[in-house]
Amino acid sequence: KGISLFIVPKFLVNADGSLGERNDLRCTALEHKLGIHASPTCYMTYGDNEGAIGYLVGEPNKGLSYMFTMMNNARMSVGLQGVSIAERAYQQAVSYARERVQSKALTGSDGPVTIINHADVRRMLLDARAKIEAGRGLSYLAATYMDEANASQDGALKAASNAMAELLTPVVKAWCTDMAQDVTGTCVQVHGGMGFCEETGIAQHYRDARILTIYEGTNGIQSNDLVFRKVLRDGGKTMTGFIAEMRDTADALAAKPGDDATAIADNLKAGLDHLETATGWILENGKEPEAIAAGAVAYCKLFGLVTGGYVLARSALFGLDAMSQPGGANGRADFFDAKLVTAVYFAQNVLSQTGGLVTSIRDGHRAINSFAEAAF
């Protein structure tokens with residue numbers, strides 16, 4: 093029928109509100125974990141002696157549905173945790189790259205230079221920066237819809253914002269935490285051999301990020317939630333509307349002069365075409381759940397990449413508009429230029445990967461579902 097939810101206090105409470113005797117539950121051990129050592133996880137035992145007393149929360153057998161109230165908030169929080177850990181790893185990698193002296197530059201240097209002057213190190217740092225900014229923008233976009241859903245007095249806007257918040261929540265959790273593992277690994281690489289040594293501290297971020305794709309619902313579960321409960325449940329209505337909204341930004345950028353705006357717009361349009369194709373395939377094959385489930389993770393990644401490209405395109409568009417007005421940059425031209433270059437990098441080096449994901453979504457299930465269990 094379903095599990096029930098109980099509160100089991102450490103101390104029982106007397107009728108007058110004072111603390112009574114200790115309840116029969118004990119922490120018997122701490123788990124030895126790969127990361128997040130500052131957040132201990134305990135083994136608990138209940139009722140070994142006189143029996144533990146718990147108090148039912150809500151109705152019997154409704155515990156899982158109650159937990160999902162917490163889980164929806166937790167999924168957003170874990171996605172932001174991914175952005176946060178990745179950001180800290182990036183800051184540390186930039187600091188190290190500015191201090192570490194190694195080898196001559198390819199041009200313009202007679203002696204060794206700091207490694208931030210080497211092209212591959214710059215590539216790694218910009219890759220990390222672009223993915224973090226995409227994850228942050230994706231998270232803020234979802235949070236904006238949550239705020240509108242909670243605060244709006246307009247019934248239609250409230251419903252539409254709630255649908256968008258629900259659509260984006262599993263993507264925030266899954267894409268941002270996958271990104272955190274990717275970025276922290278890159279930041280270890282920036283440190284070279286010292287990244288493999290605990291004394292630099294960068295390895296902690298790599299270890300801490302590993303849990304993020306697992307707890308509060310694995311990223312595989314988030315991906316299934318996205319395709320089955322969000323895309324298929326409303327026949328793709330919310331997704332289709334969001335794709336149209338993103339196309340408006342791509343069109344606005346395409347109308348701007350300059351190679352940078354064109355590069356962002358072209359890659360965003362291509363990504364949107366791929367997302368639209370993949371979404372159409374899912375809607376057409378809704379009665380083949382095994383096929384859809386096999387491509388769910390790839391679809392979630394595709395959605396995250398395109399939405400990340402979209403939020404960076406919006407920031408680039410804002411910056412271009414600001415810098416085109418007299419005094420519009422307000423002394424922040426370097427800031428806006430960095431946003432523009434970051435968006436260009438993401439469009440050309442990350443968003444450009446979306447085409448291969450369509451093949452995985454559409455065709456990958458054949459090998460996955462036909463492989464014999466005994467052959468593993």
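When we follow our numbering, the leftmost residue of the sequence shown carries the number 93, and every step to the right adds one. Using N, Cα and C, we set each Cβ at its ideal position, and we do this for glycine too. No experiment lies behind these values; they were computed from the predicted model shown.
Residues of the same chain with a CB within less than 6 angstroms of the CB of Tyr-437, apart from the 5 flanking positions on each side, are Leu-218, Ala-222 in chain order. The DSSP-derived three-state label of Arg-114 is strand.
Counting the other Cβ atoms within 10 Å of the Cβ of Gln-245 gives fewer than 16, which makes it exposed. Val-442 carries a coil assignment under DSSP once its states are collapsed to helix, strand and coil. The residues Leu-394, Val-398, Thr-446, Gly-447, Leu-449, Val-450, in chain order, have a CB closer than 8 angstroms to that of His-366 in the same chain once the five nearest residues on each side in sequence are set aside. Around the beta carbon of Ser-231, a 10 Å sphere encloses 16 or more other beta carbons of the protein chains shown; the residue is thus reported as buried. When Cβ pairs closer than 8 angstroms are counted between the two stretches, the segment 161-174 is seen not to touch the segment 103-118, the count staying below three.
In this structure the segment 402-418 touches the segment 426-437; the number of beta carbon pairs closer than 8 angstroms is three or more. By the neighbour-count definition (other C-beta atoms within 10 Å, threshold 16), Glu-376 is an exposed residue. Between Thr-292 and His-283 a beta carbon distance of about 6 angstroms is seen, short of the 8 angstroms cut, so the two are scored as contacting. The Cβ atoms of Ile-99 and Val-149 sit closer than 7 angstroms to each other.
Runs of the beta strand (DSSP E) spanning 3 or more residues and lying entirely within the segment 119-182 occur at 134-138, 147-149, in chain order. Inclusion of Ala-226 and Gly-400 in the CB contact set at 7 angstroms is warranted, their separation being smaller than that value.
Annotation for Met-256: Tyr-237 place their beta carbon closer than 6 angstroms to its own, counting only its chain and skipping 5 residues before and after.
Look at Phe-410 here: in three-state DSSP terms it is helix.
When C-beta atoms of the segment 256-274 are compared with those of the segment 309-329, three or more pairs fall below 8 angstroms, so the two segments count as touching. The three-state secondary structure of Val-100, taken from DSSP, is coil.
Just so you know, the alpha carbons of Leu-156 and Tyr-138 end up roughly 20 angstroms apart.
Between Leu-259 and Lys-322, the C-beta gap is smaller than 7 angstroms, which places the two residues in contact. For Tyr-135 and His-124, the gap between their C-alpha atoms comes out near 11 angstroms. Residue pairing of Pro-204 in beta bridges, as defined by DSSP: Lys-196. By the criterion of a C-beta distance shorter than 8 angstroms, Ala-107 is surrounded by no residue of its chain, once the five residues flanking it on both sides are discounted. Non-local C-beta neighbours of Ile-128 in its own chain, meaning closer than 7 angstroms and more than five positions away in sequence, comprise Asp-300, Ile-303, ordered along the chain. Annotation: Pro-418 is outside any alpha helix (DSSP H) and is labelled neither H nor E by DSSP. Close CB contacts of Gly-203 within its chain, under the 8 angstroms cut and outside five residues either way in sequence, are with Lys-196 (chain order). Of the residues Leu-345, Leu-324, Val-403, the one whose Cα lies closest to the Cα of Ile-374 is Leu-324. Judged by beta-carbon spacing, Leu-122 lies beyond the 7 angstroms limit of Gly-112, meaning their Cβ atoms are not closer than that value. A Cβ-Cβ separation of about 30 angstroms leaves Ala-439 out of contact with Ala-385 under the 8 angstroms criterion. A straight line joining the alpha-carbon of Asn-422 with that of Ala-346 spans about 25 angstroms. DSSP places Glu-240 inside the alpha helix (DSSP H), whose first and last residues are 211-243. Taking 8 angstroms as the upper bound for CB-CB distance, His-457 and Ala-383 are in contact here, some 4 angstroms apart.
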